[in-house]
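Numbering (our numbering), first residue to last: 24 to 245.
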């Protein structure tokens with residue numbers, strides 16, 4: 024839940040991104056190939072399990088359960104309203120951070136099934152706009168979020184779960200770095216402090232590098 028302005032980090036991270044993939048040497052082996060019987064392994068054929076056949080009453084019952092909002096959707100709805108956001112971003116782990124402020128507005132759409140959020144801020148002197156959609160899949164038992172913004176033309180997807188003991192969402196996904204033309208792993212921890220305060224921390228792992236915290240956003244309900 025509580026999608027954020029975290030994608031303002033794309034441009035920041037891109038400045039520090041580098042292609043650290045090691046090159047591999049071509050190896051030429053002139054040794055004749057041998058195929059002794061003891062080295063031969065035959066893979067077992069893979070067969071797909073046929074789809075379960077259900078009667079119309081069961082199918083309707085399952086579909087009804089899948090489409091009906093429940094406690095998870097009510098939890099998403101708790102964020103409805105306008106929020107002030109304070110963003111702290113790190114280009115590199117040991118470098119001074121960049122800070123910015125903005126606003127976010129959350130609302131539920133499609134009869135309370137999905138959470139939609141719109142974000143406005145400034146990034147390196149330029150207007151920044153982003154939009155997220157958050158869902159809880161009743162069958163898969165997971166949260167799914169998508170993100171788009173005016174700093175790119177792609178769409179990013181995160182999936183995760185709610186930790187009730189820690190009162191936080193743990194989301195994982197991949198972001199795209201146009202400077203290296205590669206995806207990189209990232210995760211976010213969204214901590215719900217109370218009805219008027221929440222915090223998002225984002226951690227990224229560039230190819231060949233270690234995970235580091237590159238963003239923190241504090242939300243205060245207006």
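We put the beta carbon where it would ideally sit given N, CA and C, even for glycine.
Only counting the same chain, and skipping five residues up and downstream in sequence, which positions put a Cβ closer than 8 Å to that of residue 191? For this step, residue 191 is matched to residue 168 along the chain shown. Excluding positions up to five away in sequence, the list reads 185, 212, 213, 214, 215.
If you compare alpha carbons, which of 169, 125, 159 is closest to residue 150? In the chain shown, counting from the first residue as 1, residue 150 sits at position 127. Answer by Cα proximity: 125.
Which residues in the same chain as residue 220 place their Cβ atom closer than 7 Å to its Cβ, once the five residues preceding and following it in sequence are excluded? What you label residue 220 is simply residue 197 of the chain shown in a count that begins at 1. Once the five neighbours on either side are set aside, the close Cβ partners of residue 220 are 242, 243.
Would you identify the three-state DSSP class for residue 136, choosing helix, strand or coil? Within the chain shown, numbered from 1, the residue matching residue 136 stands at position 113. In the displayed model, residue 136 falls within coil according to three-state DSSP, outside both helix and strand.
Rounded to whole angstroms, what is the Cα-Cα separation between residue 130 and residue 154? By 1-based counting over the chain shown, the position of residue 130 is 107. By 1-based counting over the chain shown, the position of residue 154 is 131. So the alpha carbons of these two residues sit roughly 11 Å apart.
Going straight from the alpha carbon of residue 69 to that of residue 233, what length do you get? Position 46 of the chain shown, counting from 1, holds the residue named residue 69. Position 210 of the chain shown, counting from 1, holds the residue named residue 233. If you draw a straight line from the Cα of residue 69 to the Cα of residue 233, it comes to about 37 Å.
Whose C-beta lies closer than 6 Å to the C-beta of residue 113 among residues of the same chain, with five residues either side of it excluded? Within the chain shown, residue 113 is the residue found at index 90, counting from 1. The beta carbon of residue 113 sits closer than 6 Å to the beta carbons of 120, 237 from its chain, once the five residues preceding and following it are set aside; these are given in chain order.
With distances taken from CA atoms, which of 109, 98, 171 is nearest residue 145? By 1-based counting over the chain shown, the position of residue 145 is 122. Per the Cα distances, 109.
Does the beta-carbon of residue 102 have 16 or more other beta-carbons within 10 angstroms, so that it is buried, or is it exposed? Numbered from its first residue, the chain shown carries residue 102 at position 79. Under this definition residue 102 is a buried residue.
Three Cβ pairs or more, each shorter than 8 Å: is that satisfied between the stretch 221-231 and the stretch 190-210? Yes: the two stretches touch, three or more of their Cβ pairs being nearer than 8 Å.
Grab the span of the beta strand (DSSP E) containing residue 204 for me, first residue to last. Taking the chain shown and counting its residues from 1, one reaches residue 204 at position 181. Taken as a continuous stretch (DSSP letters only), residue 204 belongs to no beta strand (DSSP E), as it is neither H nor E.
On the three-state DSSP scale, how would you describe residue 84? Taking the chain shown and counting its residues from 1, one reaches residue 84 at position 61. Of the three classes helix, strand and coil, the one that applies to residue 84 here is helix, per DSSP.
Which residues bound the alpha helix (DSSP H) around residue 95? Start at 1 with the first residue of the chain shown, and residue 95 comes out as number 72. Residues 94-100.
Of all Cβ atoms in chain D, is any one closer than 8 Å to the Cβ of residue 75? Although the question refers to chain D, the structure presented lacks it and comprises just one protein chain.
Reduced DSSP secondary structure (H/G/I, E/B, other) of residue 174: As a first step, residue 174 must be located in the chain shown, where it is residue number 151. Coil.
Quick check on residue 200: buried or exposed, where buried means 16 or more other Cβ atoms within 10 Å of its Cβ? For this step, residue 200 is matched to residue 177 along the chain shown. The residue in question, residue 200, is buried, as its Cβ has 16 or more Cβ neighbours within 10 Å.
Around the Cβ of residue 50, are there at least 16 other Cβ atoms within 10 angstroms (buried) or fewer (exposed)? On the chain shown, residue 50 is found 27 positions in, with the first residue counted as 1. Its pLDDT being 39, under 50, residue 50 is placed unreliably in this model, and the coordinates cannot settle the point.
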